[in-house]
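Residue numbers (the working numbering), protein chains in the order written: chain A, 1 to 149; chain B, 150 to 298.
Note that CB positions come from ideal geometry on N, CA and C, so glycine has one too.
Number of protein chains: 2
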Amino acid sequence: MSGRIFPTAQDAENAFYEALERCDLDGMMAVWAEDEDIVCVHPGGARLNGQDQVRESWARIFAAGPRARIHTTQQVAISGMMLAVHSVHENFTIQGQARGDAPQPVPVVATNVYLRTAAGWRLIVHHASPAPAATTQPTPRESPPKLLH
Amino acid sequence: MSGRIFPTAQDAENAFYEALERCDLDGMMAVWAEDEDIVCVHPGGARLNGQDQVRESWARIFAAGPRARIHTTQQVAISGMMLAVHSVHENFTIQGQARGDAPQPVPVVATNVYLRTAAGWRLIVHHASPAPAATTQPTPRESPPKLLH
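Structure, rendered in structure tokens:
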């Protein structure tokens, strides 16, 4: 799986959320940089650092199998030559729930940092935390990435 | 205050935590990029976006005045030409508490993204969330920043 090339940070981000939705551990780890400095913070969790901690955490999360659809909104993107930063809201829709069932989960706010490597863009930092639903500010725009140079 | 120049991302980070410790709103806002794409997530909070939301949030936090010392540990730094990403643990020591009083707060894990501007390095993303104390992984190294080029 490590042979997969993401020509842009957005391609890597799309693959990240596809792997998350499908609970695909190999697909997930193929998005991450092959680097011991990778950092992952799951919502409410401790900071995980390095390939082993990050892989192990996703294996645990994925053990129950796919249960939610995820779509991201309100992206703010800042892109340099070597690093790109995307701030997004992750919106989870629990599958199998009929309308009127328990409320859907609050959105998660995520900061995703991508690194341009010899093998394309890869994720190097994923920091996610629950956003209190009541105070979430709607951002009207879906602006194109800001290119620094 | 906007004339202050930070020659490195680390200088901007030092100024950020000094301003946070002193509850210095002008000093805090001087660290941020003069950009509407700035993003700030306080521990447990919603994503704030743009100068007005970010300034207002710090004004509210600082209203009670300085109450804690802060030191950062376990920095992981990834630096490009235009963007630098620092992942740190923020350790708060509540002032006026004698030893044996209520336990100190859990560390906060923060992802700080700095942008090289014409006026030096400035903060563009600050994402902070509480790290559960029991599962915090000690990271033995305080590695020097990884320079991408």
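query, result
"Pull up the DSSP beta-bridge partners for Asn-198(B), would you.", "Val-188(B)"
"Are the Cβ atoms of Phe-238(B) and Val-225(B) separated by less than 8 Å?", "Note that residue 238(B) is His in the sequence shown here, rather than Phe. No; because the gap between Cβ atoms is not below 8 Å, this pair is not in contact."
"Kindly indicate the opening and closing residues of the beta strand (DSSP E) around Phe-6(A).", "Where Phe-6(A) is concerned, there is no enclosing beta strand (DSSP E), given that its DSSP letter is neither H nor E."
"Three-state secondary structure (DSSP) at Val-180(B)?", "helix"
"Could you pull out every residue in the same chain whose Cβ sits closer than 6 Å to the Cβ of Met-28(A), ignoring the five residues on either side in sequence?", "Ala-19, Trp-58"
"So if DSSP puts Phe-241(B) in a beta bridge, which residue, or which two residues, is it bridged to?", "Ile-219(B)"
"Alpha carbon to alpha carbon, what distance is there between Pro-192(B) and Gln-223(B)?", "18 Å"
"With DSSP as the reference, identify every bridge partner of Val-257(B), one or two as the case may be.", "Glu-239(B), Pro-279(B)"
"Hey, out of Asp-52(A), Gln-104(A), Thr-117(A), whose CA is closest to Met-81(A)'s CA?", "Thr-117(A)"
"By Cβ distance below 8 Å, which residues in the same chain neighbour Ala-12(A) in space, the five residues on each side in sequence not counted?", "Phe-6, Val-31, Tyr-114, Gly-120, Trp-121, Arg-122, Leu-123"
"Look up Val-262(B) in the DSSP assignment and give the residues it is bridged to.", "Val-234(B), Val-274(B)"
"Is the beta carbon of Ala-217(B) sitting closer than 8 Å to the one on Val-255(B)?", "no"
"Any idea what DSSP makes of Arg-290(B), helix, strand or coil?", "Reliability fails at Arg-290(B), whose pLDDT of 45 lies under 50, so the model's placement of it is uncertain and no value is given."
"Does any CB atom of chain A fall closer than 8 Å to the CB of Arg-276(B)?", "Note that residue 276(B) is His in the sequence shown here, rather than Arg. At least one chain A Cβ lies under 8 Å of His-276(B)."
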